[in-house]
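Numbering (my numbering), first residue to last: 62 to 357.
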């Protein structure tokens, strides 16, 4: 399979952008995928769309404690500041990434845990990123919403078939975050071309499969569950061992423990900000992020 060249829709370098413009980019990318995969042979007439309010309320599900959830509304003016180079992550996941955030134009691999994957991209979604899940048939939208992914800006392409490379290339042109699941069949040559395309467009690629030249690779182990209490109660949380390798600042392997689900954001703390005394090598765990511990 090869990446099919296609007309490029110009993307503004500004991280925020006007909502109608970014929505149009996302729709154009999805229409391109439909054409490339044969789902849509001839584009139909444009349908009128309702005006986009200047500051729509975005539902976000946050964990209040181990057993309950609460829904809050976050408006764009209250969300984390968006960088032109990075997408934010939850404060408890900051130590996992060499630069404390997801750098645009890079490729990240998350293996072994769909929950960790969703948690990693959730704050980017909250900050305004348009996200697509390509070839990930088993991902649950309830779980995605619980992790903080904004479903209004999330597109699903569960079964791209043999045209996964062409579909991914089209999505990179119009989406901010492209997640490639196990049903996205790609050759190594496809992966190299997609990484180059993402670097050029400033999109973030996240894969659940091994990816040659990935900037960051996070591999979660089996972990352990808590909450049963000698047979009474229910599973409340899971602690996963996570190993990080990669390129550049991530070249030196590091091992962490991550407790999922992540806790709610503290009032006044923006996603992607490192908690005081955040995880670091050596020393005691006191003052570190509650859900993350460096173990090696």
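Glycine is no exception: its CB is placed at the ideal position from the N, C-alpha and C atoms.
Check: Unbroken alpha helix (DSSP H) run spanning residue 321, endpoints; Outcome: From DSSP, residue 321 is part of no alpha helix (DSSP H) but of the beta strand (DSSP E) over 315-321.
Check: Exposure of residue 287, with buried meaning 16 or more beta-carbon neighbours within 10 Å; Outcome: exposed
Check: Neighbourhood of residue 171 by C-beta, 7 Å cutoff - its chain only, sequence neighbours within 5 removed; Outcome: 177, 178, 181, 267, 269, 279
Check: Residue 235 - containing alpha helix (DSSP H), residue span; Outcome: 225-235
Check: Collapsed DSSP secondary structure at residue 333 in the structure displayed; Outcome: For residue 333, the predicted structure reports a pLDDT of 49, less than 50, and the residue's modelled location is therefore unreliable. A value from the coordinates is still provided. Residue 333: coil per DSSP, three-state reduction.
Check: C-alpha distance - residue 88 paired with residue 235, whole-angstrom precision; Outcome: 8 Å
Check: Any chain D beta carbon closer than 9 Å to residue 190; Outcome: The structure shown has no chain D; it contains just one protein chain.
Check: According to DSSP, residues forming a beta bridge with residue 307; Outcome: 277
Check: Endpoints, beta strand (DSSP E) assigned at residue 172; Outcome: 168-172
Check: Opening and closing residue of the beta strand (DSSP E) in which residue 252 lies; Outcome: Premise fails: residue 252 lies in the alpha helix (DSSP H), 249-262, not in any beta strand (DSSP E).
Check: Residue from 325, 231, 295 whose Cα sits closest to the Cα of residue 91; Outcome: 231
Check: Cβ shell of residue 73 (< 8 Å), same chain only, five flanking positions each side left out; Outcome: Because the pLDDT at residue 73 is just 44, under 50, the model does not fix this residue reliably, and the point stays unresolved.
Check: For residue 302 and residue 315, the rounded distance between their alpha carbons; Outcome: 11 Å
Check: Beta-carbon proximity of residue 238 to residue 185, cut-off 9 Å; Outcome: yes
Check: Residue 336 versus residue 194 - alpha carbon distance; Outcome: At residue 336, the pLDDT of 40 sits below 50, so the modelled position is not reliable; the number obtained from the coordinates is stated separately. Cα-Cα distance, rounded: 30 Å.
Check: Expected contact under 8 Å - CB spacing of residue 412 and residue 221 to nearest Å; Outcome: Absent from the structure is residue 412, since the part of the chain shown begins at 62 and ends at 357.
Check: Start and end residues, alpha helix (DSSP H) containing residue 265; Outcome: Run containing residue 265: none in the alpha helix (DSSP H); it sits in the beta strand (DSSP E), 265-268.
Check: Residue 183 versus residue 204 - alpha carbon distance; Outcome: 11 Å
Check: Buried/exposed call for residue 216, threshold 16 Cβ in 10 Å; Outcome: buried
Check: Beta bridge counterpart(s) of residue 149 as assigned by DSSP; Outcome: Answer is none; residue 149 lacks a bridge partner.
Check: As assigned by DSSP and simplified to three states, the class of residue 18; Outcome: Past the boundaries of the shown model lies residue 18; the chain is included only from 62 to 357, so the question cannot be answered.
Check: Under the three-state DSSP convention, the category residue 297 falls into; Outcome: coil
Check: Short Cβ contact (9 Å threshold) for residue 304 with residue 160; Outcome: no
Check: Nearest-angstrom Cα separation, counted from residue 289 out to residue 242; Outcome: 31 Å
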